[in-house]
Structure formats: C-alpha cells, structure tokens
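Chains as they are written, first to last, in our numbering: chain A, 10 to 297; chain B, 237 to 545; chain C, 352 to 717. C-beta: ideal position from N, C-alpha, C; glycine also. A short write-up of the structure that comes next.
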Amino acid sequence: MSASLRRERRSALIWSYVFLVVFAVIFLTPPLYMFITSLKTSAEISAAKLPWWVFHPTLDNYSALLTSETYLTFFRNSAVVSLVVVAITMAISIPAAFSLSRMRFWGSAALATGVFLTYLIPETLLFIPLFKIFAFVQDWTGIELMNHWWILMLVFPTLTVPFCTWIMIGYFASIPKELDEAALIDGAGYLQVLVRIFLPVALPGVIAATIFAFTVSWADFLYPMAFATSADQMVLPAGIVSTLIKGDVFNWGQIMTAALLGAAPPLVIYAFLMDYYIAGLTAGATKG
Amino acid sequence: MSNGVVQAARLPVSRRRSAGRRLARHRSVIAFVMVMPLIALIALLVIYPAFYSLHLATLNKSMERFVGLGNFSFLFKRDLFWMVIKQSVIFALSAVVFKALIGFVVAHFVHNIPAKGQRKWRGMLLVPWVIPPAMSTLAWFWLFDPSYSAFNWVLTRLGLDAVPWLGEPHWARFAVILVNVWYGAPFFLIMYLAALKSVPEQLYEAAAIDGANWWQKIWYVTLPMMRNIIAITILFSLIVTFANFDIVRILTNGGPIDQTQIFATWAFQLSIEGGDIPLGACVSLFMFPILGVAAYFILRDINRRGTEA
Amino acid sequence: MAQVTLRNVVKEYDELPAVRGIDLDIADKEFVVLVGPSGCGKTTTLRMIAGLEDITDGEILIGGDIVNDVPPKDRDIAMVFQNYALYPHMTVHENMSFGLRLKKVPNEEIKRRVAAAAGILGIRELLDRKPKQLSGGQRQRVAMGRAIVRNPKVFLFDEPLSNLDAKLRVHMRTEIKKVHQKVRTTTVYVTHDQVEAMTLADRVVVMNGGLIEQVGTPHELYHSPATIFVAGFIGSPAMNLVHCGLEEAAGALRVRLTDEISFPVPAARTVRYRAHAGKAKLLFGLRPEHVTENRAHQTANQIPFEVSVEVTEPMGMETLVFFNLNGAELCARTNPSANVQPSARTTLLADLSNMHLIDQESGRVL
C-alpha cells in the first residue's frame, strides 16, 4: 500500500472513531443519566448542584421499589405475560414460517407477503375496536376481559407473530432444502426432520425471534394503557407511568430507578444474546 | 436391455395416476394446517377489528345510533383535525429521514473500523432500540424537565438561555422528533450495516479504478445495491413512526395546546379518556389510507427493482 | 435383488413436461450414469427414483416392487447430493449414523458399520469433526460414507463432483469407482460431464429434452452413436460434423465434402449406405482422434486430404488443429512432432473406418 493511501486510510479511521464516540455518547447518555439519577436522594435532586454526577449515592430508591408491593406486582405481571406471549408466538410462528418457506402450496407466496403487510394495520388503529370487542364479549359471556392483565396475552401476539414469522421465514429460507431431503432419505419422518435436523440448524433465527417477541411484549405501552385501569392489573411500562407520575410532585429518583429496573430484563438478555438478536434481524434484511 | 434404441416421443398422457397425487395433496394439507393458527390470529385480532372500527366510526357517541359519515364531517370541520394530520405527517417524515440518514452514516463509520472492534461498537450503538421506549422516554422527560433539566444546566453554565423543551410548541415538536430519532436510528444502523457488508468489495475497486471519489462511490455503487433494503426499512419505519404513541404520550401528551398531537395520542384521548369511542375510531382510521398510499408506492418500487435485477 | 425399472415415467410441472416418458431397466449391482445437458430431465428422473418428486405418470420399481407411493424413507435407498447436505450441527460420526439411529439399530452395530465405511473411504480420523472443519473432498467422502453405512438397495448420486475443482474431481472419480468395486450396489449416477459418464459407467443413458436418446456401454456410445445428439455429446473434443453428399459412381460410393475433397466409403459400409446415395442433407461424422497428421504408412481406409489450418492448440501430448471445411469448424488431433503450423496449408489423414453418416432430418446415424 502506498504511503498516501495509508495516510488516507488512517485519517478515515480516526474520523470514524471520533464520530463513533460522539454517537455512542449521544446514544448512551439517557440510560446513563437514568442510572445516575437512580442513585440520588430526593434532597440531592432538588438541590441540583451538578445533575451529571452523584455526590451522595444511595440505594434507597432501589430498596424502596424492590419492596413495594405495587412495583413487584408490575414486574410479576410483565414477566408472566411476556413469557406466555413468547411461548404462544413461537407455537404459532415456527410452524407457519416452516410451512411458508419450505413447503410449496397454493397461496404460500401471497401469504408470506401478506404477513408482512399486517403491519400496515398498527396497534394504534386496533386498540379502539378491540376495546369495544372485549367489553362486548365480557358483557355477553361474563368472562372478565377488561382490566385484567391476562387479556394482554391475547393481543400481544398480534404484535409479535407477524414480525417473528417474517424473521424466521428469511432465516429458514437460507437453509438448503437438500438437508431436509437427506434426512428424509435417511429415514426420518416429517416431524423428525423438523425437530432433529431443522430446528438445531435454524436455532439462531429462532432465538432471535424469541428475543424480539420477549422485548416487544415487555415494552408495549398502548395496549396496557388502554385495557388496564387498576394498578394491580398493570404491567411495567404502563404501571410506572400511571402510578409514579401522579400529581405535580414527582419523585424522580424513584421514577428513574423504576424505569431502569423496567428496562433491565431486555437489556440483560440483549447483553448475553446480542449476536443472535442482530443476526436474526438482519437475516431478512439481506434478502429484502 | 434396450440398446442403441431411440425413444420415440410419447403421445400426451391423458390418464393420471391418482395415487402419486394423494401423497402431494397430503403434504399440502399439512402445510396449510401449519399456517392456520397464524391466519386465524390475524383474521380475528387484526382484520376483523379493523373492519369493526369502520363500523364503529359510523355510530354516535353513545354508540346507539347510526350516524353514517357524521363523525367524519364533524372532524373535517375541526381545525385540530387538520393540524393533527399536518403534525403527524411532518413528524413521521422528518423523523424517518433523519433516522435513515443517521443510520446510514453511522453504519459507514462502523463498517470502516476493523472487524474485531465492530461488534463492541455495534452492541453499544443498538442500546436505544433495546430499551423499552416508554422507559427511555421517561428518561428524556426527566432530561427535559422545566425545572431540573440537565441539558439546561449545561446550557446555562455555557452562558446560554435555558430552553423550554416541552413547554414551547416549536421546541416541543423538536423534542418529540429528537427522541424518536434517538430511539429508531439504531435499527437503521443495524440493517444498513448488514446491507453494506453484502456489497461486493470488487464493485468499489472497479469504481476506484474508474476514477470515482468517496461520494461518487456511495452514489453509484452503495445506494443502488441497497435500494431494496432502504425502501423496506423506510416503509417499515414510516408506518411505525406515523402510528407512534409512546413517545408523544409520555413527553407532551399532545401538548402544549395540541401542538404535538398526532393521530394515536389524539385517538387515545378522545376514546379512552374522553369516552367517545366512535370519534376516536374515526380519527384512527385516517391513518390507514395515508399508510396505504405510502406502502403502495414503496412496494411497487421494490417489485420493479426486483424484476430489473 | 436390487434392480431398478422405469416404465413410461412421465413428470410434468404444471403442464410443463420435464420427463416425457422414459423406459429403463437397470440390473442388480449395475452402475448406470444418466448424462445430458442442463434441463434434459436427468436430475428429475433421479429424484423420482428417490421419491423426492412425485411421478406424474408411469411406474418405478425397485427390487421388483412398485414404489410410486412409497415415501423415500421406505425405499431403502441412499443419496449423495451435489452440495453434500451434511447436517452441520452433527459430527461426521453422527452424520453417518443418523439413518441407523433412526431405525434404532443397536450401538455396537452402528459403530461397526461406521468404522467399516470410514475405512473404505479413508476418513477414520475425521469422525469427530464437524462438517465446517472439512474440505470439499472430505465432505464428499462423508456424504458417501453416510450412504454406504445404510447398506441400501440403490445408491443415487446427484452430480456429486460438480462442486470440486478439476484435479480433485479426477481423483474422486477414481475413488467412486473403487468404492463401487468394493461395495457392489446398484448405482444411478447423474452428471452433465460426459467424461465422468464414460469413465464410471457400466452403461450410459444419454438424455435430452426429457427423453432417452440412447442407452449403451461407453464403448457402444462412442463407436456406434444412434443419433446426432449422442454423436456430438460423447467425446471431447466433439465429433467433426460436415455437410456432405453421397455419390455413387461405377459401383463405388464416395463421400463428397467439397469440390476438392471426397473420400471413398470403406467396403464394410457400402451395403449399408448404398440406399442413401444422392440424398440431400447428409452429415459426415469423424472424431478428431481419427483425423491425424499425414503418415508415411497408411492403411486402406486412411485417406490424406489437404486443408488450410486456422488455429493450433498445443496440448503437450498432442496438438489440436482447427480448420474449416464447408462452413464447419473441424478439429484434428495431431502428434506435436508433426509441427503443424497455423495459417498454413497442410495434409491431414482421415481414418474412414471410423466414419459415420448421419441423416440430418431424422437425426439418426445411418
């Protein structure tokens, strides 16, 4: 490589790092600030000497929340709902993605595109009719649907299933068909092909879809706000916003702690399984 | 043993072996059964409610009487309605444009550094998208707080005026777009980074030999190769941003004075808080045609490119 | 007994015919190669024998039983794919034993059979590795090992050497032949490479456009092609084909290529060809290996003729000489020591005892 080319490459590299640091700072400041605030007492917050630093760190906020019945209820509700929704989503999406990507049948191509198009009908359109429908069903059958957190287990799949199916279709399509055929010839039935050959190979795509389903369920805000009104029925995001932001005086230390703890599960999962998450997201991307 | 014999072309066979067909149909049935839950879910909880909302929009407030297009004409006469349309469109378009640009630019930076370091940076830069938007918006809310804003603290230290981030209409709009861009840019970053990696290095080398500078390389090599993924991400983001609820709701709840009101937040206020479900449904429905038009143009562009390739 | 029989087998994809009715009898332990250009239907036929494609019409029998509706796993066959199709998440040993494990064969037996197959293929040291740690040739051997271990009635090969580089391909060809000699199992092998077909097969099936052009031993196909397609397909460089006329004069037949060049028809063929004298649209066929440099010592059927050389290609062991006659580009294989020069006139020797006469309209070799 000539000297001028090397100099060019080096300056490009330096500039790249400079900008990356700038953007990293921008992207990471809010969560960092959440963390800093969570360690402050109310007194320190109102004193507002230096917002970007903690002088007298305290874990009071954490202990207050982790012993609060209400908060723990939120957490539990979120956890149960999210895990169940992940299970439901996988149970629907995996067979659907397998069928649409590998088994040719009449209308399969149209269906695959159609799955993606359901996102044209966003939750902000659907929450109103669903609200009415649930109220109606409740009046009609007496099943308690409104203001119960488990109604979310019914609606969250509409958010997760289409995208998870789409991710997995992209991933499954990249697995050569000969693998299935070799297994068929080796003597496997269709179920054995799916379980012993296909799923192990498709695992990264499945994991990515699972992570995505969990994150979306955990984070959804609109449906819980619309369908749950009493505190003990709420999940985390809606719960924090409705209960902790009441009146004019906010306990910011607690709010930030609550928000941080609420953001923790997706972040932790992400930290451990980051590669799967990114691989799953982008598998569909390079195929378009 | 046939030897040196050429097979004459057979006459078209009209009789079909039904047995072989049975096996094929059996497989098709299994395939269809596997897709049934997906179809059922979408039909019952997406398509049906969507049509139901059409019906709802034609009822009066207490939902007893049919008023036809009464709700629609009511909305058309209200200034707020037109403001919401304008604000939603501006919000969605500007946010998506910035997200795509930032995502594209930062993807290049990440792509430039040696592969080993890329993983770390990618991991750090995706964080905004992983945090539940409601939680991170709370953090921004706190950062923008009128009395305690940490940003204002820095500004005043530098001798500038404190900014009424959420109190003044123009700043409020800016704040909402900023948070949305902060949240969504990483998604574009990840997608574009993956797409960048799939552009063959040889195309750049050929362009360099042909005398292209860095800008021309991007215009003539990178962008055309990434057309499809750019179109898909923009469409996807337009839909999601246009229908956004979380950020506006938490930051400004539509205020001040409805200057940041968009479809979703307004519909929520009208229906859940205001108790007027049909009117809320009406408002929500207006999202659909706009989204449909955008989707049509973008998808058509993708398909055309697909056949060109 | 593992003979394979195809009776009037047809395959149509949505009214588009891929295989248009073929009959074939493959004897037990025979190595049969299906060869032909892309799209001729050879892979489709193989997949129908495997059960991976449905049969639109006709019957396929394995070991005397009709298998049309039998799923692949019950046909007792094994297949080696072009892309090897090894299970990436399993070791070589697990890949090879998968079929046996599905049938719940006892572990001792599995170990014995895998070791035996690994021994035949020379992959014993690779048993604990995963596919991604293997080279192309090694993967191919594992794929074959997976097939051998099952001890099936029929081996099916779908262009297994196409993904290997030229040198490795030649080596693996020999390996496959050795394996067949050790493990005498009926084999159906698909390839587009006629060299593979000729070197591996007991009998070759040349296919074109969904039909069988000719079935025969490599020798038969080389020396007695039945159609113009087979004549042009087998042999590399391809057979020389020139428009010609067949003249009869004073009881002797001559093949006339140009005004200056004509050859006497060998006595052995005179009777056969006489009926076609004077016909239009005849083609004269002679393989390049039967057109050589002029020699001092000539047999009765070796006739010299003069041509204008266009291009020569020195191959080392021979020099290919290209020349034009009657609008066709023809090829001769000469000894390098003859030192034939391009853009010069030279005398070549045609060995007419190997000539072919082809009726262009029917495509048949006379």
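Check: Cross-chain neighbours of A:I178 in chain B, by beta carbon under 8 angstroms; Outcome: Residues of chain B passing the Cβ test: none, with the nearest at roughly 11 angstroms.
Check: Contact check, C:L478 vs C:H444, beta carbons under 8 angstroms; Outcome: yes
Check: Span separating the alpha-carbon of A:G248 from that of A:P233; Outcome: 9 angstroms
Check: One or two residues paired with A:I312 in a DSSP bridge; Outcome: Shown here, chain A extends from 10 to 297; a query on residue 312 of chain A therefore has no answer.
Check: Alpha-carbon to alpha-carbon, A:K49 and B:I236; Outcome: Chain B is shown only over 237 to 545; residue 236 of chain B falls outside these bounds and no answer can be derived.
Check: Contact under 8 angstroms by Cβ, C:G390 with C:I579; Outcome: no
Check: Under the three-state DSSP convention, the category C:M430 falls into; Outcome: strand
Check: Terminal residues of the beta strand (DSSP E) in which C:T542 lies; Outcome: 537 to 542
Check: Close beta carbons around C:M352, own chain, < 8 angstroms, minus the five adjacent residues each side; Outcome: D379, G414, G415
Check: Sheet register partners of C:H594 (DSSP bridge); Outcome: C:L634
Check: Identity of the residues DSSP links to C:V361 by a beta bridge; Outcome: C:R371, C:D408
Check: Ordered list of beta strand (DSSP E) runs contained in the segment 632 to 671 of chain C, each at least 3 residues; Outcome: 633 to 637, 642 to 644, 653 to 665
Check: Within 8 angstroms, strictly: CB atoms of B:L425 and B:A343; Outcome: yes
Check: Status (buried if at least 16 other CB within 10 Å, exposed otherwise) for A:P193; Outcome: Residue identity check: residue 193 of chain A is Leu in the sequence provided, not Pro. Result: buried.
Check: Anticipated Cβ contact below 8 angstroms, C:A494 with C:V431, distance rounded; Outcome: 5 angstroms
Check: Interface partners of B:P285 on chain A, CB under 8 angstroms; Outcome: L135, P138, L139, I142
Check: One or two residues paired with C:H707 in a DSSP bridge; Outcome: C:G636
Check: Three-way DSSP call (helix, strand, coil) for C:N690 in this model; Outcome: coil
Check: Nearest-angstrom Cβ-Cβ length linking C:I471 and C:I499, presumed shorter than 8 angstroms; Outcome: 7 angstroms
Check: C-alpha gap between A:F114 and B:M270, whole angstroms; Outcome: 12 angstroms
Check: Residue closest to C:L699, alpha-carbon to alpha-carbon, out of C:F673, C:L717, C:D710, C:H707; Outcome: C:F673
Check: Beta-carbon proximity of A:A280 to B:M371, cut-off 8 angstroms; Outcome: no
Check: Straight-line gap, A:A100 to B:M272 (C-alpha atoms, nearest Å); Outcome: 12 angstroms
Check: CA nearest to the CA of B:L280, picked from A:F221, A:V164, A:T266; Outcome: A:V164
Check: Where C:N514 sits in the DSSP three-state scheme; Outcome: coil
Check: Among A:A235, A:V30, A:S77, nearest to B:I349 - alpha-carbon criterion; Outcome: A:V30
Check: Neighbour list for C:H440 in chain A, Cβ cutoff strictly below 7 angstroms; Outcome: P209, V210
Check: Run of the beta strand (DSSP E) containing C:C682, from where it starts to where it stops; Outcome: 679 to 685
Check: C:P576 to C:Y435 span [Cα, whole Å]; Outcome: 33 angstroms
Check: Pairwise C-alpha distance: C:R646 and C:Q692; Outcome: 16 angstroms
Check: Length of the line joining the Cα atoms of C:E547 and C:V418; Outcome: 29 angstroms
Check: For A:E132, the first and last residue of its enclosing alpha helix (DSSP H); Outcome: 132 to 150
Check: C:D702: first and last residue of the uninterrupted alpha helix (DSSP H) it sits in; Outcome: From DSSP, C:D702 is part of no alpha helix (DSSP H) but of the beta strand (DSSP E) over 696 to 702.
Check: Unbroken beta strand (DSSP E) run spanning C:E564, endpoints; Outcome: 562 to 567
Check: Spatial distance of A:G289 from A:A96 (CA atoms); Outcome: 18 angstroms
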